[in-house]
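**Q** If you want this note's numbering, it's the 1-based position in the sequence shown plus 6. I have a structure I would like to understand better, so I am pasting it below and will then ask my questions one at a time.
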Amino acid sequence: GPEVSSEQLEKLLSGEASFQNFFNLSDDVLLAWANQGYFFYQQGKYDDAETIFKGLVTLNPKIAYYHTALGSIYEAKQDYEEALIEFNKALEIDADDICALVNRGEIRLRKGEVLEAASDFQKGIKLDEVNIQKQRQAGEKINPDPAAQRARALSVVTYEVLKEIEKKVKETQGNG
């Protein structure tokens with residue numbers, strides 16, 4: 007059968023090479039799998055989508071999109087802790103991943119971490135505004151990120167919540 011050289015194994019275990027390199031799979035093959043996974047996700051077949059994206063994350067853990075997709079699947083399954091882990095991994099790889107930022111913000115908001123959520127939303131909106139500016143300069147069709155659009159709506163909510171908290175804190179301090 008096929009042999010595994012110690013050099014190949016070392017590269018794989020050290021994280022220098024991915025399983026994708028190891029099995030000599032092209033980016034096109036992984037993209038086709040990702041598209042299939044996304045299709046399952048859109049159909050609400052979360053278990054099938056999860057299986058595919060878990061595989062993709064294993065094959066190449068350095069691609070932020072795979073972690074973001076997996077996080078979105080966990081979020082849809084209401085497994086918020088796992089979702090948070092994946093969004094954090096995605097953002098370690100690509101700090102400008104708008105979808106990961108906004109989704110993480112939504113989970114933080116759920117957990118009552120309002121300031122952290124607001125920060126994620128603001129960052130997502132800022133990144134989107136930079137992209138829109140680039141589109142405008144290039145004379146392209148303006149195409150706001152759907153996640154950033156959600157963040158715009160949610161940041162209004164978080165702002166209101168923060169103002170309420172601030173008011174309560176001031177009232178409490180006033181009673182001392």
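The C-beta atom is built at its ideal place from N, Cα and C for all residues, glycine as well.
Ordered along the chain, which non-local residues of its own chain (more than five positions away) have a Cβ less than 6 Å from that of residue 127?
**A** Here the set comprises 111, 157, 160, 161.
**Q** Quick one: Cα of residue 68 to Cα of residue 99, how far?
**A** In a straight line, the C-alpha of residue 68 is about 7 Å away from that of residue 99.
**Q** Would you tell me roughly how many angstroms separate the C-alpha atoms of residue 177 and residue 17, rounded to the nearest one?
**A** Roughly 60 Å separates the two Cα atoms.
**Q** From residue 80 to residue 180, what does the alpha carbon distance come to, in whole angstroms?
**A** Approximately 43 Å between the Cα atoms of the pair.
**Q** To the nearest angstrom, how far is it from the Cα of residue 113 to the Cα of residue 153?
**A** Distance between the alpha carbons of residue 113 and residue 153 is about 14 Å.
**Q** Report yes if the C-beta distance between residue 96 and residue 74 is below 8 Å; otherwise report no.
**A** Taking 8 Å as the Cβ cut-off, residue 96 and residue 74 qualify as a contacting pair.
**Q** Can you check which of these residues, 148, 13, 120, 134, is closest to residue 169 by C-alpha distance?
**A** Of the candidates 148, 13, 120, 134, the one whose C-alpha sits nearest the C-alpha of residue 169 is 120.
**Q** Could you check the C-alpha separation between residue 106 and residue 93 for me, to the nearest Å?
**A** Each residue's alpha carbon lies about 5 Å from the other.
**Q** In or out: residue 171 buried (at least 16 other Cβ within 10 Å) or exposed?
**A** When all chains shown are included, residue 171 counts as exposed.
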